[in-house]
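J.:
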Amino acid sequence: MNEEAKQEVIVENPGGTEKSGEPEGPTPEQVQAAVDKKATDTGWQPEKEFKGDPKAWRPAEEWNKRGDELIPFIKIALKDKTAENETLKGEVATLKKKNESTEDTLQRIIKTQDAFGENQYASNIADLEVQELEAFDEGDKERFREIREEKAKIIKPEVLIPKEPDLETKATPEETEADFQRWVKDNQWFNDDPALKRAAIGAANELESNGVKINTYDFFEQAGAQVKKDFAERFTNPNQDKSNVDESSLRGGESVSDNGSKGYSDLPQAAKAVCNKMIANPRMNMTKEKYAAEYYKGDEGCTKWEIIRKSRK
511 MNEEAKQEVI
521 VENPGGTEKS
531 GEPEGPTPEQ
541 VQAAVDKKAT
551 DTGWQPEKEF
561 KGDPKAWRPA
571 EEWNKRGDEL
581 IPFIKIALKD
591 KTAENETLKG
601 EVATLKKKNE
611 STEDTLQRII
621 KTQDAFGENQ
631 YASNIADLEV
641 QELEAFDEGD
651 KERFREIREE
661 KAKIIKPEVL
671 IPKEPDLETK
681 ATPEETEADF
691 QRWVKDNQWF
701 NDDPALKRAA
711 IGAANELESN
721 GVKINTYDFF
731 EQAGAQVKKD
741 FAERFTNPNQ
751 DKSNVDESSL
761 RGGESVSDNG
771 SKGYSDLPQA
781 AKAVCNKMIA
791 NPRMNMTKEK
801 YAAEYYKGDE
811 GCTKWEIIRK
821 SRK
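Counting in the numbering used here, the sequence shown runs from 511 upward without gaps.
1. In angstroms with no decimal places, state the Cα-to-Cα distance between E648 and L638.
2. Grouping DSSP H, G and I as helix and E and B as strand, with all else coil, what is K807?
3. Return helix, strand or coil for N795, following the three-state DSSP convention.
4. Do A781 and T612 have their CB atoms nearer than 8 angstroms?
5. Taking its Cβ as the centre, do 16 or more other Cβ atoms sit within 10 Å of R618, making it buried, or is it exposed?
6. In whole angstroms, give me the CA-to-CA distance for Q555 and E534.
7. Would you report the Cα separation of R655 and N634, rounded to the nearest angstrom?
8. On the DSSP letters alone, give me the boundaries of the alpha helix (DSSP H) that K782 sits inside.
9. Tell me which same chain residues have a C-beta within less than 7 angstroms of the C-beta of N574, skipping the five on either side of it?
10. How many angstroms separate the CA atom of K875 from the CA atom of I711?
11. Please report the distance separating the alpha-carbon of F730 from that of A688.
12. Between which two residues does the alpha helix (DSSP H) carrying K565 extend?
13. Using the Cβ count rule (16 or more neighbours within 10 Å means buried), how would you classify D728?
14. Excluding the five sequence neighbours on either side, which residues of its own chain have a C-beta within less than 7 angstroms of the C-beta of A709, listed in chain order?
15. Taking only the alpha-carbon atoms, compute the straight-line gap between E559 and E596 and give it to the nearest angstrom.
16. With H, G and I counted as helix, E and B as strand and the rest as coil, what does DSSP make of N715?
17. Taking C-beta to C-beta, are A645 and R653 nearer than 8 angstroms?
18. With a CB to CB cut of under 8 angstroms and the five nearest residues on each side skipped, what residues in its chain are close to G773?
19. Could you check the C-alpha separation between K720 and E642 for me, to the nearest Å?
20. I'd like the span of the alpha helix (DSSP H) that includes I657, first residue to last.
21. Any idea what DSSP makes of N720, helix, strand or coil?
22. State the Cα-Cα distance for the pair Q732 and A714, rounded to the nearest angstrom.
23. Cα separation between W699 and R793?
24. Does K738 have its Cβ less than 8 angstroms from a Cβ in chain E?
25. For the alpha helix (DSSP H) containing T726, list its first residue and its last residue.
26. First and last residue of the alpha helix (DSSP H) that includes Q542?
27. Could you tell me the distance, in whole angstroms, from the CA atom of E685 to the CA atom of T604?
28. Please classify W573: does DSSP put it in a helix, a strand, or coil?
29. By the DSSP assignment, the alpha helix (DSSP H) with F745 in it spans what residues?
30. Determine the burial state of V784: buried for a count of at least 16 other Cβ atoms within 10 Å of its Cβ, exposed for fewer.
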């Protein structure tokens, strides 16, 4: 190509002025308008509209520059905050689980104390009434008065009625599905034995028709407990490999002693402390065996949910 062909082509417009073949760029006014819009979108205000300290106002260009510099740090901070929130969620779940376990222990302690407290109250009153009658027969007015005063000081134990669990709490479909899959994993017989599976579905439908709306792992545990009760021979005969049942699931995953019953060694530390205090009081006539038997009374064949409900009645 010759030199003339390489030269920029200039054409005449109808007005007679020359115009380059290259497109024109944005005008300074257009550039400023774009800068202002970007700043306005992130909270910037023109100087005339700014109501804060005049010294704190910044031009749109400076505002945008500061914002661009801060964005990476904001993203990092948000990422760290998200990770922190996930950690907190895990900690809250752990605390909730511990609180549920502690609540179960406290309810059992209250139940056990109620049982023995009522008996001890009746026994103490009966002893004093015998002494009161003897003093009356002997004409010992002073002794009679002292016994009556002592009787008046004995306070009848208050029957504590803990708050019932909220059976109307509904789980989300995702939570229900996750709980169901976990329950099936813990109860392989559901998939291994079609007859037991049908029975479990029927038990669940019956629970739902009776207004039980837990819809969580405990709901499926109740249905499973009914099946294990109706088909006890399937779960107690070691020669039948109809199901793979974890007996600890019948008792909320708690360990049992070799003879199938729980004793003092199985008690939580808080319950042991109460038991020891009662044993230390000679008038209570308490033993470790008696306390443990009352503490775990009614556990056989119950789900953990049923145990907690019984202890709250």
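Positions of the beta carbon are idealized from the N, C-alpha and C atoms, including for glycine. A quick note: this is a predicted structure, and the numbers were derived from the prediction, not measured.
T.: Judging by the given coordinates:
1. 15 angstroms
2. coil
3. coil
4. no
5. buried
6. 30 angstroms
7. 17 angstroms
8. Q779 to A790
9. V545, K548 and A549
10. Since the first and last residues shown for the chain are 511 and 823, residue 875 lies out of range.
11. 12 angstroms
12. Where K565 is concerned, there is no enclosing alpha helix (DSSP H), given that its DSSP letter is neither H nor E.
13. buried
14. V737, D740 and F741
15. 42 angstroms
16. helix
17. yes
18. S767, K798, E799 and A802
19. Sequence inspection shows Asn at residue 720; the Lys mentioned does not correspond to that position. Roughly 54 angstroms separates the two Cα atoms.
20. K651 to K663
21. coil
22. 8 angstroms
23. 50 angstroms
24. The structure shown contains no chain E; it is built from a single protein chain.
25. Note, T726: premise wrong, no alpha helix (DSSP H); not H, not E.
26. P538 to D551
27. 17 angstroms
28. helix
29. A742 to T746
30. buried
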